[in-house]
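Asks:
In UniProt numbering, the protein residues as written are 1 to 367.
#1: Spatial neighbours of residue 303 within its chain, please: C-beta separation below 8 Å, excluding the five flanking residues on both sides.
#2: Ordered along the chain, which non-local residues of its own chain (more than five positions away) have a Cβ less than 6 Å from that of residue 283?
#3: Which first and last residues belong to the alpha helix (DSSP H) in which residue 86 is found?
#4: Closer than 6 Å by C-beta to residue 349: which residues in its own chain qualify, once you throw out the five before and the five after it? Chain order, please.
#5: Mark residue 73 as exposed unless 16 or more other C-beta atoms lie within 10 angstroms of its C-beta, in which case mark it buried.
#6: Roughly how many angstroms separate the alpha carbons of residue 345 and residue 231, rounded to a whole number?
#7: First and last residue of the beta strand (DSSP E) that includes residue 121?
#8: Nearest to residue 128 by CA position, among 260, 153 and 75, is which residue?
#9: Are at least three pairs of beta-carbons, each pair with one atom in the stretch 111-129 and one in the stretch 49-68, less than 8 Å apart?
#10: Between 113, 309 and 53, which has its C-alpha nearest residue 94's C-alpha?
#11: In the structure shown, what three-state DSSP assignment does residue 188 receive?
#12: DSSP three-state label for residue 263, please.
#13: Over the uninterrupted beta strand (DSSP E) stretch that includes residue 245, give me the two end residues.
#14: Cβ atoms of residue 241 and residue 313: under 8 Å apart, would you say?
#15: Using CA atoms only, rank isn't needed, just tell me which of 216, 336, 339 and 306 is closest to residue 91.
#16: Counting beta carbon pairs with one atom in the stretch 172-182 and one in the stretch 208-215, are three or more of them shorter than 8 Å?
#17: In angstroms with no decimal places, state the Cα-to-Cα distance between residue 75 and residue 151.
#18: Tell me which residues share the same chain as residue 336 and place their Cβ nearer than 7 Å to its Cβ, disregarding the 5 neighbours each side in the sequence.
#19: By how many angstroms is the C-alpha of residue 224 removed from the C-alpha of residue 162?
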């Protein structure tokens with residue numbers, strides 16, 4: 001077993017366009033063995049979260065199968081051609097696992113019914129998908145069936161991303177997005193007549209972005225991990241049709257001003273330089289548009305203005321020593337409060353408080 005390069009995995013995730021490099025191959029019959037079977041799971045679709053980022057590269061079919069099964073879902077693999085050159089990277093994000101998998105050879109993957117698990121697959125190249133044969137070729141995300149097997153023939157070089165969690169966790173995120181719990185079970189089915197509010201490209205972008213962040217940054221704080229998980233699950237709910245998609249379509253009363261209070265409280269605790277409005281929206285389970293609507297209704301401010309005001313108040317406290325130590329420099333106060341551009345900060349500060357940040361600091365230091 002050899003370790004796969006993080007940069008190699010990230011390059012495949014971020015730069016491989018949907019549609020892949022390989023022309024579609026004709027459907028092939030499955031040859032006899034070279035098959036690897038997943039050990040029996042104790043529950044349908046059960047998977048354990050890796051304790052940290054798990055990374056491997058191997059030519060052993062059973063090693064690759066078992067590693068992916070632990071992080072995603074039990075499955076079987078049949079080698080149909082070529083020599084296996086597998087790579088896998090898996091990372092937990094709150095209650096969800098994100099997995100990159102590449103086989104490096106022509107394989108057929110048979111995943112059993114996922115039961116009470118939610119398993120989303122994003123092909124990074126054209127993937128054959130079906131129930132009895134791989135009759136369809138997909139480049140867009142799809143959800144594995146909960147009550148029947150799913151056959152997949154992934155593109156050997158480009159591989160796929162897999163997102164796995166419990167269906168209960170996804171249902172909770174739906175309730176947060178909609179402002180009310182759905183009536184009945186949550187079901188993702190390929191034949192669903194429901195219309196998704198957003199196109200698949202939105203989910204593809206979210207999956208690639210979150211995966212890149214997870215594989216590059218180990219040991220994320222719990223709050224950051226929850227935010228990334230919410231972003232991922234919200235994108236899935238908004239871009240993949242399910243039996244409650246209508247709850248998320250425009251015009252339904254799905255959010256309340258309580259979301260605005262939650263957003264403001266989250267910003268008060270998290271307003272560093274790297275925090276953006278989409279981060280805030282993901283943290284409270286809303287889209288950016290929804291967040292804009294509730295903050296305007298509750299505070300008469302856009303999320304950007306609300307975040308800037310919180311940062312400004314923090315910088316003011318640091319510069320005046322109100323309730324704590326006085327900052328050593330204007331630049332340190334601005335950066336610690338979340339301002340990346342010192343000149344813009346000084347302009348907004350003077351317009352708000354009638355004096356420059358330096359004047360506030362000198363007065364506080366002279367006390």
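C-beta atoms are modelled at their ideal positions from N, C-alpha and C, and glycine is treated no differently. Since the model is a prediction, treat every value here as computed from it, not as a measurement.
Replies: Reading off the structure:
#1: The residue you call residue 303 lines up with position 303 of the chain shown. Answer for residue 303: 263, 277, 280, 281, 288, 291, 292 and 295, listed in chain order.
#2: Position 283 of the chain shown, counted from the start, is the residue given in the question as residue 283. Here the set comprises 227 and 266.
#3: Against the chain shown, residue 86 aligns to sequence position 86. Counting along the chain, residue 86 falls outside any alpha helix (DSSP H), though it belongs to the beta strand (DSSP E) covering 86-93.
#4: As a position in the chain shown, residue 349 is number 349, starting the count at 1. Contacts found: 357.
#5: Sequence index remark: in the chain shown, residue 73 carries index 73 (1-based). So residue 73 ends up on the buried side.
#6: Looking up residue 345 in the chain shown gives position 345. Looking up residue 231 in the chain shown gives position 231. Cα-Cα distance, rounded: 29 Å.
#7: Here residue 121 refers to the residue found at position 121 when the chain shown is read from its first residue. Run containing residue 121: 117-123, per the beta strand (DSSP E) assignment.
#8: Taking the first residue of the chain shown as 1, we reach residue 128 at position 128. The residue with the shortest Cα to Cα distance from residue 128 is 153.
#9: no
#10: Start at 1 with the first residue of the chain shown, and residue 94 comes out as number 94. Closest option to residue 94, Cα to Cα, is 53.
#11: Residue mapping note: residue 188 aligns to position 188 of the chain shown, counting from 1. The answer is coil: DSSP assigns residue 188 none of H, G, I, E or B.
#12: Here residue 263 is taken as the residue at index 263 of the chain shown, counted from 1. Of the three classes helix, strand and coil, the one that applies to residue 263 here is helix, per DSSP.
#13: Position 245 of the chain shown holds residue 245. Residue 245 -> no beta strand (DSSP E), and no H or E assigned at all.
#14: Here the question's residue 313 lines up with position 313 in the chain shown. Here the question's residue 241 lines up with position 241 in the chain shown. Going by C-beta atoms, residue 313 is not nearer than 8 Å to residue 241.
#15: Within the chain shown, numbered from 1, the residue matching residue 91 stands at position 91. Of the listed residues, the one whose Cα sits closest to residue 91 is 216.
#16: no
#17: As a first step, residue 75 is located in the chain shown; it is residue number 75 there, counting from the start. As a first step, residue 151 is located in the chain shown; it is residue number 151 there, counting from the start. Answer to the nearest angstrom: the Cα atoms are 10 Å apart.
#18: Position 336 of the chain shown, counting from 1, holds the residue named residue 336. 318.
#19: The residue you call residue 162 lines up with position 162 of the chain shown. The residue you call residue 224 lines up with position 224 of the chain shown. The alpha-carbon atoms of residue 162 and residue 224 are separated by roughly 20 Å.
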